[in-house]
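Below is one structure, written out as structure tokens; the observations come after it.
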Amino acid sequence: MDQVSKLPFYCVIIPLIASFCMPVLARWRKDYCMPLATVTTGAVFAITVYIGYYVLQGNIIRYNVAGWPPPWGIELVVESLSSMMIMLISGLSFLILVYSRHAIKHELERLVTGWYYTAFLLCLSGMIGLVISNDLFNMYVLIEITGISACALVAAKGTRLSTEAALKYLLLATVGSGFILFGIGFIYMITGHLNLAYIAMELPAVKDQYPFLIWTTLSFFVVGFGVKAALFPLHLWLPDAHSSAPSPSSAILSSLVVKVYIIAFLKILLIAFGLEIFHETFIRHLILALSLVAMLAGSFFAFVQIELKRRLAYSTVAQVGYVFLGIGLGTPWGLAAGMLHIVVHAFMKTCLFLCAGAIYYQTGRKHVNEFTGLGYSMPVTMGAFTVAAFSMVGIPLFGGFISKYGLALGSLEAELPLVILVIILSGLLNATYYFPIIGQAYFGQEDGAHHHGTEHDHHQEEKKFKLDQVPLSMLIPIAIVALGVIALGIFPGGLLDFINRTIVELL
Amino acid sequence: MDYIVYLPLFMIVFPIVGALITGLAKEKHDLARNVMAITVSLVSALAMVAILYQYVNFGGWELLLHQIAPGLEIKLRVDPLASLFGGTAAILWFFSVLYSTGYMAHEHDRRRYFIFYLLSLGMTMGIAMSANLLTLYLFYEFLTIFTYPLVIHEGNEEAKTAGIRYIIYSFFGAGMILIGLILIFGTAGTLEFTRGGIVDLSVGSLRIWQAAFLCLLFGFGVKAAIMPLHAWLPSAMAAPTPVSALLHAVAVVKSGVFGILRIMYSIFGIGALLALELGFFVAGLVSITILTASIIAMQQDVLKRRLAFSTISQLGYITLGAGLMTSIGLTGGLLHIINHAILKITLFFCAGAIITVTGKKKISELKGLGKQMPLTMIAFTIAAIGMIGIPPVNGFISKWYLIQGSLEAGAPIFVAVLIGSALLNAAYFMPIIINAFFKEGDFEPVKGKPEAPLSMLLPILILVTGCLVLGIFLPLTVPYFHDIGEYLFTMGGNN
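Going down the list, the protein sequences come from chains A and B.
Positions 7 to 513 (the working numbering) are the ones given, in order, by the first sequence.
Positions 74 to 568 (the working numbering) are the ones given, in order, by the second sequence.
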């Protein structure tokens, strides 16, 4: 027991130490940075899998950092939700790091390689810490670490666009952090605690004294985390940041960084406040309304984008709406589906961004109308892209279907059957901006190829499948993530176990 | 015996594997590809016959493939409706693959064409043999995706527009189905197709059930081309003729009708439909479709478009039979599935043969064609007579049953609809025949090769013989369909 309880702490501290080794290492041996980062992340992933196995047997790991017990010390708690998230974070980061080896060489200046991996590992350690910390102030610190290193990941490219986007991200994220800090301050004022479990114990006794303050606190958290997680009207920084960043950064930002804020918000909401206050204060209705708008508006914006990565970024805005919808429904099915969608979307969006990077690597093309014939010259990449896009649209046997299905059942459970209409409509909108890409890649014709008339069509050049001209270190992560999307759709059992346990633990 | 239970799975997997193997042949290796494609479709048809034999002698069975999550199962089952639709589609698929080898000889992208043609077979079999709404929905989506490349095959602007329209309509329909599916699952807690229905009206509000039914009806109604959701079908005639023949007269459109039958008789059941008063709503809705489509068909000059509108009208007959809420009417509707399939595929094959030989697509250009292509035009005439509903061709029987069913349901208005539609059918098929045989035109008897190649002519002749045989030897089909009608028409369930 003692040995296991230290493991979560190692998950945070190992990448943190490794990240500070990076600049030193980069001073002499730039090529060693990526292997070291990968090995570190791989080791963290192994630890998290062990933790996940341990937690699934019905245990909860609690660890007091430096031996100070709560409410004064920093407490790390790993229950089902956190263990699932740290596995997801470290696993996907590992794949993205493997992918980054060649992608980074292609997209970044060699000079910044060391700094890039510093930021990457710092971000990883921040995300893991944020998910497992059970203490508001510690959470705040880790939110800042994650946020700033995420900005660095965007700015690493050093172009005018990415610098501008990073600055925008930094400014808005700081505003978000401000709101969160205010919220934390209010909670401390109301309850005198920062530890989530202690707040939960104290809150019922004092909540009648401070009805408006609690309402204010919750709304500050919604705005603060809403900015960080790009909930619809607060999403303004996201499309620029995610589309101008290097592809590995886009993948990690879109699939993981945005999500850990939602997890933190969920933990504060469910552990500290409890669903009852959430229902009473009408914050739930606010989130519900915003998420529905996000699902449609994000898709509409995505539809008009012509640059692939911008389209994917707006699609993230819509998909974040799905997750918030699950929270806004506030029913067991809804919450479960929201959490499921966090995982499913992480896989899908990682896959799509890695594909976008691979397409850029091989062909240099960025715009969705230039992908004619890519189905033949990059079969693996476009195959993975198709899988992820089908999942986005919500076709059965792919991961996206399960979470969409759960959300729809959740809205029936919450007695809001009309929400189903929005869910389906959003799925159809997803189809309108993903299917043309696929259709063109496989069935599109180059201009001028079809002027011969039927007689000559016999002699038309045969389309041949050629393996992608992309390094294996990029291709294999893409394939693994795509297989993951399918596996989530066909065998979601293990994941549902984690989520069901979470629902039991938190509600 | 033990392995026979896996035949339904084989029916789905084998065409997929076969399609991929067929795809290995390079574009120029036509012979190898044609042999492969014919073999795959022949084996599938034989396997289907084996399933039918097993079913008739030993009854149906189910096969649970995978449980995604509690309540979400991928499951296959052989039951009367499944064997009816699956059998029709698998056997006609063989003939149309044979026909395609002749028709496609002068077309481009033959490799892609045959791959997706066979993939669609697997998906259609999946639709036919699905045991719950989720499995049906799954294969229904994939049928849309796999038939899209066939619709856009020509690659010109017309085909692209048709493809986009097809995808938009189909996914809209699929979205509606998904809404209905979720409403059903959320309220009834299961999606299993059960004799007599799973719907228990005492649970949940009536409005939810009505909404679920309408969503499912209009969802499947897209593929079943119920007006006003039919617009994709005429424009999809831009596809090569074997595609129009098989997919737009048999597989795709019938999968929509099949879905409607499933929701009416296996999900809702007679009791619930009567209580919700939805049977006559369906019948009334499709009556409008039947008449309007026939009237529009008369104005079409392009032969395939005229056939397309005729399809829209005739599909209405099947749904009408289902909506009459009598066992006789249902039998008529079920009979029309197979009768219309054979008749319409023959008509499309004839149209394709005419295009291949003469290059003419418009009816006004076919004056005197009977002199040059007598066999094709005689086959066309016989099938057209069947469509109108004149004995001894098989179309007569299903209409007879439908009329009886309407009378039994106490709704003679539908008799008027049926007879009016028969007259309209006559009005748009007779001019073609008269044009071809009795008008002087550009065509003269030709020596040498007046008709289409044998690989196209043979399916036409076999199928037109089939029309006559089914029309004359009634005991071949009618008793079975009567049993199926009785089987489905059970009050059972929770009501």
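C-beta atoms are modelled at their ideal positions from N, C-alpha and C, and glycine is treated no differently.
Predicted model only: the values in this text are computed from it and were never measured.
{"Check": "Rounded to whole angstroms, what is the Cα-Cα separation between residue 487 of chain B and residue 360 of chain B?", "Outcome": "7 Å"}
{"Check": "If you draw a straight line from the alpha carbon of residue 514 of chain A to that of residue 42 of chain A, how long is it in whole angstroms?", "Outcome": "Because residue 514 of chain A is not part of the residues shown, which for chain A are 7 to 513, the question remains open."}
{"Check": "Count the other CB atoms within 10 Å of the CB of residue 396 of chain A; is the residue buried (16 or more) or exposed (fewer)?", "Outcome": "buried"}
{"Check": "Would you check if there are 3 or more beta carbon pairs closer than 8 Å linking the stretch 408-417 of chain B to the stretch 313-323 of chain B?", "Outcome": "yes"}
{"Check": "Give the interface partners of residue 408 of chain A over in chain B, defined as CB-CB distance under 9 Å, in chain order.", "Outcome": "141, 142 and 145"}
{"Check": "Return the residue from the list A:417, A:357 and A:109 that minimises the CA-CA distance to residue 392 of chain A.", "Outcome": "A:357"}
{"Check": "Using a Cβ-Cβ distance under 8 Å, would residue 463 of chain A count as near chain B?", "Outcome": "Confidence at residue 463 of chain A is low in this model, with a pLDDT of 44, below 50, so its placement is unreliable and no value can be given for it."}
{"Check": "Using only the alpha-carbon positions, how far apart do residue 34 of chain A and residue 117 of chain A sit?", "Outcome": "12 Å"}
{"Check": "Under 8 Å between the Cβ atoms of residue 419 of chain B and residue 330 of chain B?", "Outcome": "no"}
{"Check": "Among A:189, A:200, A:381 and A:369, which residue has its Cα nearest to the Cα of residue 82 of chain A?", "Outcome": "A:200"}
{"Check": "For residue 269 of chain A, which residues of its own chain have a beta-carbon under 6 Å away from its beta-carbon, when the five flanking residues on both sides are left out?", "Outcome": "91 and 137"}
{"Check": "Using a C-beta to C-beta distance shorter than 8 Å, which residues of chain B count as neighbours of residue 434 of chain A?", "Outcome": "244, 245 and 248"}
{"Check": "Taking the Cβ atom as the reference point for each residue, do residue 318 of chain A and residue 255 of chain A lie within a distance shorter than 8 Å?", "Outcome": "no"}
{"Check": "Go through the stretch 455-532 of chain B residue by residue and report every complete run of the beta strand (DSSP E) that reaches 3 residues or more, in order.", "Outcome": "none"}
{"Check": "I'd like to know if residue 239 of chain B contacts chain A, where contact means its C-beta is closer than 8 Å to some C-beta of that chain.", "Outcome": "no"}
{"Check": "Identify, in the order they occur along the chain, each residue of the same chain with its Cβ nearer than 6 Å to the Cβ of residue 457 of chain A, setting aside the five sequence neighbours on each side.", "Outcome": "Per-residue confidence for residue 457 of chain A stands at a pLDDT of 43, beneath the threshold of 50, marking its modelled position as unreliable; the derived number appears in the next sentence. Closer than 6 Å at Cβ, skipping near neighbours: no residue."}
{"Check": "Cβ closer than 8 Å: which chain B residues qualify as neighbours of residue 42 of chain A?", "Outcome": "Within 8 Å Cβ-Cβ: nothing; residue 42 of chain A doesn't reach chain B, min ~40 Å."}
{"Check": "Three-state secondary structure (DSSP) at residue 152 of chain B?", "Outcome": "coil"}
{"Check": "Give the straight-line distance between the Cα atoms of residue 118 of chain B and residue 176 of chain B, rounded to the nearest whole angstrom.", "Outcome": "21 Å"}
{"Check": "Rounded to a whole number of angstroms, what is the C-alpha to C-alpha distance between residue 134 of chain B and residue 147 of chain B?", "Outcome": "15 Å"}
{"Check": "Within 8 Å of any Cβ in chain B, is that where the Cβ of residue 215 of chain A sits?", "Outcome": "no"}
{"Check": "Determine, using beta carbons only, whether residue 172 of chain B comes closer than 8 Å to chain A.", "Outcome": "no"}
{"Check": "Residues in the same chain with beta-carbon distance under 6 Å from residue 348 of chain A, minus the five sequence neighbours each way, listed in chain order, please.", "Outcome": "265 and 329"}
{"Check": "Under 7 Å Cβ to Cβ from residue 185 of chain B, same chain only, skipping five residues before and after it: list those, please.", "Outcome": "222"}
{"Check": "Helix, strand or coil for residue 371 of chain A? Go by DSSP, reduced to three states.", "Outcome": "coil"}
{"Check": "So, is residue 445 of chain B buried or exposed, given that buried needs 16 or more other C-beta atoms within 10 angstroms?", "Outcome": "buried"}
{"Check": "Rounded to whole angstroms, what is the Cα-Cα separation between residue 341 of chain A and residue 227 of chain A?", "Outcome": "18 Å"}
{"Check": "Please list, in chain order, the chain A residues whose beta carbon lies closer than 9 Å to that of residue 425 of chain B.", "Outcome": "Residues of chain A passing the Cβ test: none, with the nearest at roughly 15 Å."}
{"Check": "Entirely within the stretch 328-396 of chain B and at least 4 residues each: give me those alpha helix (DSSP H) ranges in chain order.", "Outcome": "342-349, 352-371 and 376-396"}
{"Check": "Between the C-alpha atoms of residue 350 of chain B and residue 214 of chain B, what's the straight-line distance to the nearest angstrom?", "Outcome": "30 Å"}
{"Check": "On the CB-based measure, 16 or more other CB atoms within 10 Å of its CB, does residue 166 of chain B come out buried or exposed?", "Outcome": "buried"}
{"Check": "Roughly how many angstroms separate the alpha carbons of residue 93 of chain B and residue 99 of chain B, rounded to a whole number?", "Outcome": "12 Å"}
{"Check": "Counting contacts by CB-CB distance shorter than 8 Å, is residue 502 of chain A in contact with chain B?", "Outcome": "yes"}
{"Check": "Quick check on DSSP: helix, strand or coil for residue 205 of chain B?", "Outcome": "strand"}
{"Check": "Taking the C-alpha atoms as reference points, what is the distance between residue 174 of chain B and residue 539 of chain B?", "Outcome": "21 Å"}
{"Check": "If we cut at 8 Å on Cβ distances, does residue 456 of chain A have a partner in chain B?", "Outcome": "Per-residue confidence for residue 456 of chain A stands at a pLDDT of 46, beneath the threshold of 50, marking its modelled position as unreliable; the derived number appears in the next sentence. Interface residue, yes."}
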